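Colleague: In the working numbering, the protein residues as written are 21 to 364. Quick reminder that beta carbons are idealized off the backbone N, C-alpha and C, glycines included. In this text the structure is predicted, and so the values were computed from the model without any measurement.
#1: According to DSSP, is residue 50 helix, strand or coil?
#2: With contact counted as at least three CB pairs below 8 Å, one residue from each stretch, are the segment 254-271 and the segment 331-339 in contact?
#3: Beta strand (DSSP E) containing residue 278: first to last residue?
#4: What is the rounded straight-line gap between the Cα of residue 310 and the Cα of residue 254?
#5: Residue ranges of each alpha helix (DSSP H) run of no fewer than 4 residues wholly in the segment 300-334, ordered along the chain?
#6: Between which two residues does the beta strand (DSSP E) holding residue 138 run?
#7: In its own chain, which residues sit with a C-beta less than 7 Å from the C-beta of residue 178, not counting the 5 before and 5 after it?
#8: Ignoring anything shorter than 3 residues, give me the beta strand (DSSP E) runs that lie fully in the segment 209-292, in order along the chain.
#9: Nearest by alpha-carbon distance to residue 291: which of 29, 37 and 217 is it?
#10: Grab the span of the beta strand (DSSP E) containing residue 198 for me, first residue to last.
#11: Quick one: is residue 95 buried, meaning 16 or more other Cβ sit within 10 Å of its Cβ, or exposed?
#12: From residue 225 to residue 267, what does the alpha carbon distance come to, in whole angstroms?
#13: Taking a contact to mean a Cβ-Cβ separation below 7 Å, would you say residue 245 touches residue 123 in this structure?
#14: When DSSP labels each residue in this structure, what does residue 172 get in the three-state scheme?
#15: On a CA-only basis, which of 25, 204 and 313 is nearest residue 217? Give me that one, please.
#16: In terms of DSSP beta bridges, what is residue 38 paired with?
#17: Measuring CB to CB, does residue 114 end up less than 7 Å from residue 65?
#18: Using 10 angstroms around the beta-carbon of residue 302, count the other beta-carbons present and answer buried if the total reaches 16, otherwise exposed.
#19: Going by C-alpha distance, which of 35, 41 and 127 is nearest residue 328?
#20: Give the range of the alpha helix (DSSP H) segment to which residue 346 is assigned.
#21: Which full runs of the beta strand (DSSP E) of 3+ residues lie inside the segment 72-136, going along the chain?
#22: Out of curiosity, what's the CA-to-CA distance linking residue 91 and residue 127?
#23: Using the Cα positions of residue 213 and residue 330, report the straight-line distance between them to the nearest angstrom.
#24: Given a cut-off of 7 Å, decide if residue 155 and residue 203 are closer than it, judged by their beta-carbon atoms.
#25: Could you tell me the distance, in whole angstroms, from the CA atom of residue 293 to the CA atom of residue 237?
#26: Is it right to say residue 334 is buried, meaning 16 or more other beta carbons lie within 10 angstroms of its own, or is it exposed?
#27: Are the CB atoms of residue 315 and residue 220 within a distance shorter than 7 Å?
#28: In this structure, does DSSP put residue 163 in helix, strand or coil?
#29: Just to confirm, is the Cβ distance from residue 137 to residue 27 under 7 Å?
#30: Give me the DSSP bridge partner(s) of residue 187.
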């Protein structure tokens with residue numbers, strides 16, 4: 021029986037209304053736990069998404085392999101014919117994952133009204149971040165968080181790891197030192213706000229973020245340029261900061277305004293029209309920027325562009341694990357490394 025904390029997710033029923041079009045189904049498919057993808061979900065009384073990081077629960081056999089960053093996916097537990105999907109605690113992430121599941125079922129023509137979510141409390145969200153015990157990270161001239169960081173270093177750099185993150189310190193030719201942080205759990209949305217705040221409390225003063233971002237500006241071609249900026253719209257607020265990459269005169273870099281979105285599932289064609297004055301979109305940059313702004317940290321992001329919401333391209337979020345895309349991103353990652361190290 022549904023309790024008063026259970027909420028109904030946003031569900032995409034018709035892919036033609038969404039900015040990804042027909043590619044949306046494949047994007048969602050690859051994110052499903054095998055207890056959803058490989059079973060008759062109509063047999064579950066309920067499917068409830070919760071904020072509970074639990075690696076002792078049932079790990080999906082479709083969890084990302086061969087990755088260091090962001091590879092751990094929500095786990096599952098079945099209790100009295102109720103399927104619980106357990107996410108790393110974050111308001112946006114729990115809501116996003118519930119939307120993924122309900123939309124997956126709806127697009128398959130299956131029952132989806134038994135999918136709900138329960139938001140974690142702010143206390144639960146903060147406690148999970150503090151439990152990371154990031155005080156093992158050395159305070160250096162800058163900390164870099166994101167993807168592809170293992171390839172920023174050579175064999176002389178010693179990487180350390182636990183079951184949630186990897187870290188290393190490198191001394192650059194200019195004498196400055198940098199700390200790298202690779203998160204193994206899935207980070208999404210407001211999770212990053214708390215992470216950056218925690219790093220500030222640990223006396224880190226300058227932070228860089230590198231990952232992927234979506235394009236809204238029609239001129240942006242996926243996997244061909246790097247994106248950055250110094251202005252973001254998030255939850256009704258405009259955040260501005262000094263962009264450390266702004267003065268670099270490089271054709272490779274697209275500089276534009278950013279809008280924060282809680283979920284890819286919300287980004288239908290009407291949403292794109294509403295935010296068409298912005299150039300870039302993702303779910304994390306705004307929280308990074310707001311946390312850095314609130315805590316007095318210097319911040320910059322340099323991302324590759326994964327997809328374009330205004331104009332469909334052959335490469336998007338549904339096929340980013342293909343060989344051709346990964347080859348392009350390896351090259352872009354080398355450019356990101358070179359540019360970030362230049363501005364530290």
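Modeller: Concretely, from the data shown:
#1: For the purposes of this step, residue 50 is identified with residue 30 of the chain shown, where counting begins at 1. Coil.
#2: The answer is no - the segment 331-339 does not touch the segment 254-271, with fewer than three Cβ pairs under 8 Å.
#3: Mapped onto the chain shown, residue 278 falls at position 258. Going by DSSP, residue 278 is part of the beta strand (DSSP E) stretching over 278-280.
#4: What you label residue 310 is simply residue 290 of the chain shown in a count that begins at 1. What you label residue 254 is simply residue 234 of the chain shown in a count that begins at 1. Spanning the two alpha carbons is a distance of roughly 8 Å.
#5: Complete alpha helix (DSSP H) runs here, min 4: 305-315.
#6: As a working mapping, residue 138 is identified with position 118 in the chain shown. For residue 138, the enclosing beta strand (DSSP E) begins and ends at 135-138.
#7: Stepping through the chain shown from its first residue, residue 178 is reached at position 158. Hits under 7 Å: 188.
#8: DSSP runs (the beta strand (DSSP E)) wholly in the segment 209-292: 226-230, 232-235, 246-248, 251-254, 257-260, 273-275 and 278-280.
#9: Within the chain shown, numbered from 1, the residue matching residue 291 stands at position 271. Measuring from the Cα of residue 291, the nearest candidate turns out to be 37.
#10: If you number the chain shown from 1, residue 198 lands on position 178. Here the beta strand (DSSP E) through residue 198 covers 197-203.
#11: One-based indexing of the chain shown puts residue 95 at position 75. Buried.
#12: Taking the chain shown and counting its residues from 1, one reaches residue 225 at position 205. Taking the chain shown and counting its residues from 1, one reaches residue 267 at position 247. The alpha-carbon separation between residue 225 and residue 267 amounts to approximately 21 Å.
#13: If you number the chain shown from 1, residue 245 lands on position 225. If you number the chain shown from 1, residue 123 lands on position 103. Note that the C-beta distance between residue 245 and residue 123 is not below 7 Å.
#14: Position 152 of the chain shown, counted from the start, is the residue given in the question as residue 172. Looking at residue 172 - three-state DSSP - the assignment turns out to be helix.
#15: Taking the first residue of the chain shown as position 1, residue 217 is located at position 197. That would be 313, whose Cα lies nearest to the Cα of residue 217.
#16: Sequence index remark: in the chain shown, residue 38 carries index 18 (1-based). According to DSSP, which records beta bridges pairwise, residue 38 is partnered with 288.
#17: The sequence position of residue 114 within the chain shown is 94, counting from 1. The sequence position of residue 65 within the chain shown is 45, counting from 1. Their beta carbons are not under 7 Å apart, which means residue 114 does not touch residue 65 by this criterion.
#18: In the chain shown, the residue the question calls residue 302 occupies position 282. The residue is buried, with at least 16 neighbouring Cβ atoms inside 10 Å.
#19: Within the chain shown, residue 328 is the residue found at index 308, counting from 1. For residue 328, the closest alpha carbon among the candidates 35, 41 and 127 is that of 41.
#20: Numbered from its first residue, the chain shown carries residue 346 at position 326. Its alpha helix (DSSP H) spans residues 343-363.
#21: Segments of the beta strand (DSSP E) lying fully in the segment 72-136: 95-99 and 102-107.
#22: Numbered from its first residue, the chain shown carries residue 91 at position 71. Numbered from its first residue, the chain shown carries residue 127 at position 107. Taken atom to atom, the span from the alpha-carbon of residue 91 to that of residue 127 is near 25 Å.
#23: Looking up residue 213 in the chain shown gives position 193. Looking up residue 330 in the chain shown gives position 310. Taking the straight line joining both Cα atoms gives about 28 Å.
#24: Counting from 1 along the chain shown, the entry for residue 203 is found at position 183. Counting from 1 along the chain shown, the entry for residue 155 is found at position 135. Cβ atoms of residue 203 and residue 155: not closer than 7 Å.
#25: The residue you call residue 293 lines up with position 273 of the chain shown. The residue you call residue 237 lines up with position 217 of the chain shown. Between residue 293 and residue 237, the C-alpha separation is close to 11 Å.
#26: Translated into positions along the chain shown, residue 334 becomes position 314. Exposed, since its Cβ has fewer than 16 Cβ neighbours within 10 Å.
#27: As a working note, residue 220 is residue 200 in the chain shown. As a working note, residue 315 is residue 295 in the chain shown. For the 7 Å CB-CB criterion, residue 220 and residue 315 form a contact.
#28: Here residue 163 refers to the residue found at position 143 when the chain shown is read from its first residue. Correct three-state label for residue 163: strand.
#29: Locating residue 137 in the chain shown gives position 117, where the first residue counts as 1. Locating residue 27 in the chain shown gives position 7, where the first residue counts as 1. The Cβ atoms of residue 137 and residue 27 lie closer than 7 Å to each other.
#30: Against the chain shown, residue 187 aligns to sequence position 167. Paired residue(s): 180 and 201.
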